[in-house]
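Chains as they are written, first to last, in our numbering: chain A, 3 to 366; chain B, 3 to 366; chain C, 3 to 366; chain D, 3 to 366.
Number of protein chains: 4
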Amino acid sequence: MSQSSFGRKFAVTTWGESHGKALGAVVDGCPAGLSLDEKDIQIFLNRRRPGQSRYTTARQEGDQVEILSGVFEGKTTGCPISLIVRNKDQRSGDYGNIAFSYRPGHADYTFDQKYGFRDYRGGGRSSGRETIGRVAAGAIAAKLLKELGISFLTYTHSIGPVSISHLHPEEIPNNDFYMPDASAADKAGEYLNQCMKEKDSAGGIVECRINGVPAGLGDPVFGKLDAELAKAIMSIGAVKAVEIGDGIQATLSKGSKNNDGFSIKNNCVVKTSNHSGGIMGGISDGDEIILRAHIKPTPSISLPQNTITNAGEIQNLEIYGRHDPVIVPRAVVVVEAMAALTITDALFSNMSSRLDRILDFYKK
Amino acid sequence: MSQSSFGRKFAVTTWGESHGKALGAVVDGCPAGLSLDEKDIQIFLNRRRPGQSRYTTARQEGDQVEILSGVFEGKTTGCPISLIVRNKDQRSGDYGNIAFSYRPGHADYTFDQKYGFRDYRGGGRSSGRETIGRVAAGAIAAKLLKELGISFLTYTHSIGPVSISHLHPEEIPNNDFYMPDASAADKAGEYLNQCMKEKDSAGGIVECRINGVPAGLGDPVFGKLDAELAKAIMSIGAVKAVEIGDGIQATLSKGSKNNDGFSIKNNCVVKTSNHSGGIMGGISDGDEIILRAHIKPTPSISLPQNTITNAGEIQNLEIYGRHDPVIVPRAVVVVEAMAALTITDALFSNMSSRLDRILDFYKK
Amino acid sequence: MSQSSFGRKFAVTTWGESHGKALGAVVDGCPAGLSLDEKDIQIFLNRRRPGQSRYTTARQEGDQVEILSGVFEGKTTGCPISLIVRNKDQRSGDYGNIAFSYRPGHADYTFDQKYGFRDYRGGGRSSGRETIGRVAAGAIAAKLLKELGISFLTYTHSIGPVSISHLHPEEIPNNDFYMPDASAADKAGEYLNQCMKEKDSAGGIVECRINGVPAGLGDPVFGKLDAELAKAIMSIGAVKAVEIGDGIQATLSKGSKNNDGFSIKNNCVVKTSNHSGGIMGGISDGDEIILRAHIKPTPSISLPQNTITNAGEIQNLEIYGRHDPVIVPRAVVVVEAMAALTITDALFSNMSSRLDRILDFYKK
Amino acid sequence: MSQSSFGRKFAVTTWGESHGKALGAVVDGCPAGLSLDEKDIQIFLNRRRPGQSRYTTARQEGDQVEILSGVFEGKTTGCPISLIVRNKDQRSGDYGNIAFSYRPGHADYTFDQKYGFRDYRGGGRSSGRETIGRVAAGAIAAKLLKELGISFLTYTHSIGPVSISHLHPEEIPNNDFYMPDASAADKAGEYLNQCMKEKDSAGGIVECRINGVPAGLGDPVFGKLDAELAKAIMSIGAVKAVEIGDGIQATLSKGSKNNDGFSIKNNCVVKTSNHSGGIMGGISDGDEIILRAHIKPTPSISLPQNTITNAGEIQNLEIYGRHDPVIVPRAVVVVEAMAALTITDALFSNMSSRLDRILDFYKK
């Protein structure tokens, strides 16, 4: 599988750069018969679109998606779905002063080392705009999962030192940060205002909860569901840690506390706790899947920074232009998209795990 | 790629169960010309072998590896290297009382859901013995990397609440826990003794530092080096979180602190700090790569636990048999092996990133 | 790897349907530094473009390609290259009478069986227009291979019963069939005129010769270079057989005749014959690679045919519309494109076969 | 996917050399619940075992297979099945005179070019013994397919110029060549006796017919079922051409003859002919799948041949030792095995092609 593709059975290939003509994705392996139009995808893209609050870059992009293939008379055909979003507000002049600098915290230096070459217009393929392809593809996965009763709840868990203290889903759309806690959102706003005043930036945590996933997804050993999720989430730029279930807290716990017991309720197997975050031995257990993505502070800041140019000259760099003081809120939908892609792929991969079910499938 | 394979160019496929005849691995894509014999692999396997301290299971296994193919006159041939370790001390009688129970914290229930079937003799494919294949393959990767000047320093960073306060590599082999801090190791021993007395178990953190990795490994977007490492590490049973560089601490930092500046030293590009952990934009930057694996407490404990049988009967389960009160020390070499496999694969995948280097390669 | 992708290191994903908005390809894994513009690709596309002689469909398509990503200042960046060709002359009305029929020799029935659904406008994804993505991607591969001194000579070897009796490359562009034999081309024209008069169609053979391929490409066992080529060529619609070197004739030969001896010429190893077609044990031997694709007669004919509708009604079908009486000439560039993709991928995959060369590569 | 693996969902990785300790295969992705023991596999291996007639090498190998993992209490567990066959009669002394020669028609030269190194004991990984892994894995696939009502009829279609003139399955096991025509088998024997007297060798054709394959397997474009079969078959050493259905004859036919009409019989869709060989547009149509593998004459012959040593000395080589004058009969089961692996993988890959069927699968 090539570097720009994700997934085995439900596979997405993304392309495009921050300051090129367009960005897009090809979704391959989507089953035939799913109702799909551009609005389904646009809803997801709008959640990551810039320019929606004072805490995001002022770059103006409608990020309108066009479906170029794979849908006929309102339904998917089983053939690859090609999606395109044209760039509009490229304004590459903004990046003039950084064209030959290695911006700290960015991939400028490493791209130059790898390719002997760098798209100096603003990150190119390593820009956050790259996530448009992920989100567009994830929207299709999420729509498909909804048909199977699988739903996502994704939100900002913390910004800098400010964490949520409750989880009220209805509050998520009511603040600039997609936080399920209005009071925490207020404090996060204050913290960010202070960061912006200091020409600095902040990080934070995105949490994602997935309900309705059937037990049995994921494979033992290398194809564990949590391993696939970890790759999916860590592949998002700026993510520096991934947790499943109790995550880092589990290391401080003891077996007797951390183990989830089993019981019977209404004739169904239930777990008496969910420290595992819905995955046991790499396989979904039917319970809520919980994961967290830890995101570093936005690297583009206006404060002067020590760096060098690609000619090796030492430089004191100030980055102007349009940058988010925190990318966490816009990363919420990206985390959800990557989780949706991963779960969909696992669902399809799992269909051949038992001979009896294969016989059932083909004997009809 | 199938569920039991890892890697694209340097690929390992593992097989075998805890209580089967044998376990093993097939390493495919190892270049011709590497000096290799069984001792190279045995050194790694001995680091995870049970029965070496009072803190590990008493199961007696020599874990002697045999090379079945791919090596001729002491050198690799470029063809697949098949490795086998025979099981000796299977003693499946030990598992009698848990044959029909879903052990809390184990994969019993999820395997049953996935396969309609479970190897009740002690975890089967989800047992920690599965890691033999990983470690054997990782030993080959590590030997190959050594030829390129790439080295690993891997150790226990914490057990339960006891963390190291310094990093003295020479102390690692001198305690039962592979801790680079003798005093922390003493405290960890006390903590574990208490756990064992309480019939309970502990978790902890493994840290891995990789030096000598050239800049340029890893790909933008889905094939980021940190994403591949996250998958590799999270695929190890009992790992619940993965961090790269500053990891979770980065979310509390600010851009001005978290960004690593660049400078020039002895005519070379250097970073003035390494919060990123050696990876920028998913591509290695030539600096030390740092990662941490967070490991949950051993699920097998002797304390009674509430669970059910596969017939749906509620049960109060006590697990006897031979279990590690903490698996962190034995996981050290597993983390190192998975990191070595990942780096090797990235090294090979990177060779075609630039046309000028491809022309050089083939023009000789 | 998903169904619409080809290649491991140099990978192409194609998308698009005959009567949709557009068709295209994403080329991933192209190294940085290759000079590339749209003209390089257009030259290839023009070789398969319809409407260029009386023997091809009259559908009017300029098939103008646009590069959307992966090229900056005239050079490839190492990031995915997205290519798009808009459909213009869709005229789906032409297909009205066949919308509900299973056309003999087409994929209508099998698509319906697989997807429960069919794009009745003219083949959709199974149309010959699908090859636009292959050819556009192959043009990039061919340009890259040229830098390494690898060249292709591809032509029509036969149409129906008319075969070439000599190989004069300079005659290839001078006839409607890309035949390297002007006299055979005349006879092929007569044969096709007769077929058209009878409202019938013809098949034929495409031959491809590849020079300059270094010895060593391809892997033992499943990744043999001839196996990869066979897949590449057989994946072209209408191909029913693939030969390498002497191919089917080899079965009638004897070992003493079919074996290629070795000798020394100008201090280089040479083969004294090339029955093998440049591949031994699945690995290139440095000699000319020779392959042949056998193509069935165009299935769309105006003669009445017995078939059924998707409602199960028996029908006598006459297909009108715009169809090629033979697709062989337009398949020439498709065969070349698929061969170029395969060789490029093998070149990159081969770079890690020897430790000494890896050490050289990274020690610079 | 690595060079020594085949298949995506039902994947086999093979390993081992002709003169090493053992050969084997790891089958990954086999569903849980298939009854399997060593006898099931041995039956297949016995069909390719040497020393069974005067027309095969006299090398004595029992080729006894041992199952090392993945089967518990007589049934597959869903985990990887590791298979091993120990080499016994290695007698590498036989190969003394060819240790430094590049044998014509063999992979000696190309291995040396690729790996800088060659296992001179008799082909190593490029020996026909490599097929043991394929056949062992294919036996499992074939057993699984039988549960779904899919069966294989594979036989020798021709040896040198001697072809079958009828297809009587019951005659296949009654002659040394697996020919379904006793009279042709007699003539083939005479032809081979003459070849052996002349110290020469012969080639031939294997034909495989697969019944019971449901319509819908295979994917459009690159994952066509015939493309996967072509790769599978061409990856067998000594195969130089692959045909599907009418194959090369199709190029001489016309559309009106070559198209398969549709009709209705007993309320089922039927084709009125099967020129396509059961595959339309790369997707199975429910009819018998027919393919042919064209196999070159055995390259090891006792007649003197011109070649060079790896030191570049010109040499007149006579190959002694134990060689088959024709490998076609022993290749019959190898072709069947590769076809079975391909069909099984396509069956599993196809399960997610339609949303309605996915909903059915998971809604139970």
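Beta carbons: idealized from backbone N, C-alpha and C, even for Gly.
Just so we're clear, the structure is a prediction, and the values are computed from it rather than from any experiment.
Kindly indicate if chain B contains any beta-carbon less than 9 Å away from that of residue i.
i, result
"residue 51 of chain C", "no"
"residue 24 of chain D", "yes"
"residue 141 of chain C", "no"
"residue 299 of chain A", "yes"
"residue 126 of chain D", "yes"
Can you round the beta-carbon distance between residue i and residue j to whole angstroms, since I take them to be within the 8 Å contact cut?
i, j, result
"residue 218 of chain B", "residue 116 of chain A", "4 Å"
"residue 333 of chain A", "residue 238 of chain A", "7 Å"
"residue 292 of chain B", "residue 215 of chain B", "At roughly 11 Å, the Cβ-Cβ gap does not stay under 8 Å, so residue 292 of chain B and residue 215 of chain B are not in contact."
"residue 204 of chain D", "residue 14 of chain D", "Not confirmed; about 30 Å, so no contact."
"residue 212 of chain C", "residue 315 of chain C", "The Cβ separation is near 49 Å, so there is no contact."
"residue 190 of chain B", "residue 164 of chain B", "5 Å"
"residue 31 of chain A", "residue 354 of chain D", "7 Å"
"residue 106 of chain D", "residue 262 of chain C", "6 Å"
If you reduce the DSSP assignment to three classes, tell me which class residue i lands in.
i, result
"residue 77 of chain B", "strand"
"residue 221 of chain A", "coil"
"residue 133 of chain D", "helix"
"residue 117 of chain B", "helix"
"residue 236 of chain D", "helix"
"residue 180 of chain D", "coil"
"residue 38 of chain A", "coil"
"residue 341 of chain B", "helix"
"residue 298 of chain D", "coil"
"residue 250 of chain A", "helix"
"residue 199 of chain C", "helix"
Within 9 Å (strictly less), CB to CB, does residue i reach chain D?
i, result
"residue 166 of chain A", "no"
"residue 47 of chain B", "no"
"residue 69 of chain A", "no"
"residue 8 of chain A", "no"
At least one CB of chain C closer than 9 Å to the CB of residue i: is that the case?
i, result
"residue 257 of chain D", "yes"
"residue 182 of chain A", "no"
"residue 5 of chain A", "yes"
"residue 344 of chain A", "no"
Would you say residue i reaches chain A, if we count a Cβ-Cβ gap shorter than 9 Å as a contact?
i, result
"residue 350 of chain B", "no"
Go to residue i, then tell me how far its beta strand (DSSP E) extends in each direction, as first and last residue.
i, result
"residue 280 of chain B", "Where residue 280 of chain B is concerned, there is no enclosing beta strand (DSSP E), given that its DSSP letter is neither H nor E."
"residue 260 of chain B", "Note, residue 260 of chain B: premise wrong, no beta strand (DSSP E); alpha helix (DSSP H) at 257-260."
"residue 14 of chain A", "13-18"
"residue 87 of chain B", "83-88"
"residue 30 of chain B", "24-30"
"residue 273 of chain A", "270-273"
"residue 310 of chain B", "307-310"
The alpha helix (DSSP H) spanning residue i covers which residue range?
i, result
"residue 364 of chain D", "357-365"
Touch check for the segment 331-340 of chain A and the segment 204-212 of chain A: three-plus C-beta pairs under 8 Å? yes
Does the pairing of the segment 242-262 of chain D with the segment 298-316 of chain C give three or more beta-carbon distances under 8 Å? yes
Taking 8 Å as the threshold, find out whether the segment 179-190 of chain A comes into contact with the segment 232-252 of chain A through three or more Cβ pairs. no
Across the segment 219-227 of chain D and the segment 278-285 of chain D, are there enough close Cβ pairs to call them in contact, namely three or more that are closer than 8 Å? yes
Are three or more beta carbon pairs between the segment 349-365 of chain B and the segment 119-138 of chain B nearer than 8 Å? no
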